[in-house]
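Novice:
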Amino acid sequence: MDLNELKKMITGKIMENEPMANHTSYGIGGPALAFIKPKSINDLQMIKSFAKKHQVPVNCIGSGSNLLVSDEGINSFVVSLEKSFKKILFDENKCYAGASVKLSKLVKECIKQNLGGLETLIGIPGTLGGALIMNAGAFGNEISNYLTAIELLNSNGVVEQVSANEIEFGYRSSTINKNDIILNAEFQLKKASETEIRKNRDQANLSRKSTQPLKFRSAGSVFKNPKDFAAGYLIDQAGLKGKSIGGAIVSDIHANFIINQANAKAEDVVQLIKLIRNAIYKKYSIVLELEITTLGFPEGTFNA
Ligand SMILES: Cc1cc2nc3c(=O)[nH]c(=O)nc-3n(C[C@H](O)[C@H](O)[C@H](O)COP(=O)(O)OP(=O)(O)OC[C@H]3O[C@@H](n4cnc5c(N)ncnc54)[C@H](O)[C@@H]3O)c2cc1C
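Its first residue numbered 2, the sequence shown is counted upward by one per residue in our numbering.
So, in structure tokens, the structure goes:
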């Protein structure tokens, strides 16, 4: 496979063997075969067809704020929409936004329009695309609550409009096909006073700042909350706050956060995850499910 061929086909940038540590909030991860910043839908279609021809998987990422990538890296093309697909448009209560718009930016623009609904998601550090795949949420609100439709590039390279009610959204999950690339989304928001929206936003900001270790590198909550319990509470009760392996440590502010404290390797995080899962299973007979997305690990890596 000659990547120069692909370079001639697209206008976006291709970085060969690019360390994923440069593109994840953890600051962890070995190289991707190629890290690609497409500039247009046409670029994306070219990348998809080139990858298909050479049987290389394609992973689309946003800000990498929910990602743990292995130290060995990923044998795939990693596509980042970060610099493209950034438009935000309003039409009365409707909002159309590109997949690489940051959630915080989207909330700010909605406030300017006196449109409420998304403001409690303000502190989630990712893009709209990542938020939709994960059905990101905070303080009882989820990104899917106000979604009416998405536009995506499907695995055949065709642009498709999908209505929100064709997608099943659950707790940090969606049925959006993992091989599809989200391009844009449409929301139906509600008119509200600026004071009310700002109040909701400020409350969410304050709660986040007082309960999360925001000064350190992490990918947010590592585990989903099991039925009836907060994962952080269980990990805390198991006495694991402050437990460290290599450069990774269980936050003593929020036990469901594993922090990259000192040049942690992915392997340090993996070992800590396994230790936690083991301990929680032994103490409560509960199997903690991962909330973070993992790339480049062999199957079974995270089993306790
Ligand atoms: C300090 C901190 C606090 C956090 N708090 C919260 C919280 O309160 N609630 C919450 O839900 N999450 C939280 N997170 C996790 C994370 O920010 C969210 O999951 C966020 O929505 C991920 O967005 P991203 O753009 O970074 O996605 P990435 O991490 O880049 O990717 C996540 C997944 O989405 C896919 N993806 C991304 N963009 C696209 C696209 N355009 N098309 C198709 N697939 C795509 C990726 O392939 C991957 O599977 C937190 C993280 C941190 C670091």
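Just so you know, even glycine gets a beta-carbon here, dropped at the ideal spot from N, CA and C.
Quick one: which unbroken beta strand (DSSP E) runs of 3-plus residues sit fully inside the stretch 49-132? Chain order, please.
Specialist: Here the runs fully enclosed are 59-62, 68-70, 75-81, 89-92, 95-99.
Novice: A33 by DSSP, collapsed to three states: which one?
Specialist: strand
Novice: Please tell me whether F86 and N185 are closer than 8 Å, where the distance is taken between their beta carbons.
Specialist: yes
Novice: Can you determine whether any heavy atom of ligand 1 sits closer than 7 Å to the C-beta of I89, and answer yes or no?
Specialist: no
Novice: Between which two residues does the alpha helix (DSSP H) containing A265 stretch?
Specialist: Careful: A265 lies outside any alpha helix (DSSP H) and carries neither H nor E.
Novice: Identify, in the order they occur along the chain, each residue of the same chain with its Cβ nearer than 6 Å to the Cβ of N14, setting aside the five sequence neighbours on each side.
Specialist: Here residue 14 turns out to be Lys, not Asn, going by the sequence shown. So the qualifying residues of the chain are K38.
Novice: Please report the residue range of the beta strand (DSSP E) in which N261 lies.
Specialist: 259-261
Novice: State yes or no: is the C-beta of A231 within less than 8 Å of the C-beta of I293?
Specialist: no
Novice: So the candidates are Q238, V108, A98, G127; which of them puts its Cα closest to the Cα of I277?
Specialist: Q238
Novice: Helix, strand or coil for A239, going by three-state DSSP, please let me know.
Specialist: coil
Novice: Using only CA atoms, which one of G171, A267, K49, A305 lies nearest to I182?
Specialist: K49
Novice: If I'm right that T107 touches I134 with Cβ under 8 Å, what's the distance once you round it to whole angstroms?
Specialist: Just to set this straight, residue 107 is Leu in the shown sequence, not Thr. Contact between L107 and I134 does not hold, since their C-beta atoms are separated by about 16 Å, which reaches or exceeds 8 Å.
Novice: Cα separation between K192 and G118?
Specialist: 9 Å
Novice: Could you compute how far the alpha carbon of K271 sits from the alpha carbon of A205?
Specialist: One point to set straight first is that residue 271 is Val, not Lys, in the sequence displayed. Going from the Cα of V271 to the Cα of A205 covers about 30 Å.
Novice: Would the C-beta of I75 count as close to ligand 1, meaning under 7 Å from any of its heavy atoms?
Specialist: no
Novice: With DSSP collapsed to three states, give me the class of R218.
Specialist: strand
Novice: Looking at the unbroken beta strand (DSSP E) that takes in L7, where does it start and where does it end?
Specialist: No beta strand (DSSP E) contains L7, which is instead part of the alpha helix (DSSP H) from 4-10.
Novice: Thinking just about the alpha-carbon of each residue, which of L69, S156, E19 is nearest to the one in F224?
Specialist: L69
Novice: Expressed to the nearest angstrom, what Euclidean distance is found between the alpha-carbon atoms of K40 and Y282?
Specialist: 46 Å
Novice: Can you name the start and end residues of the alpha helix (DSSP H) that K210 belongs to?
Specialist: 195-212
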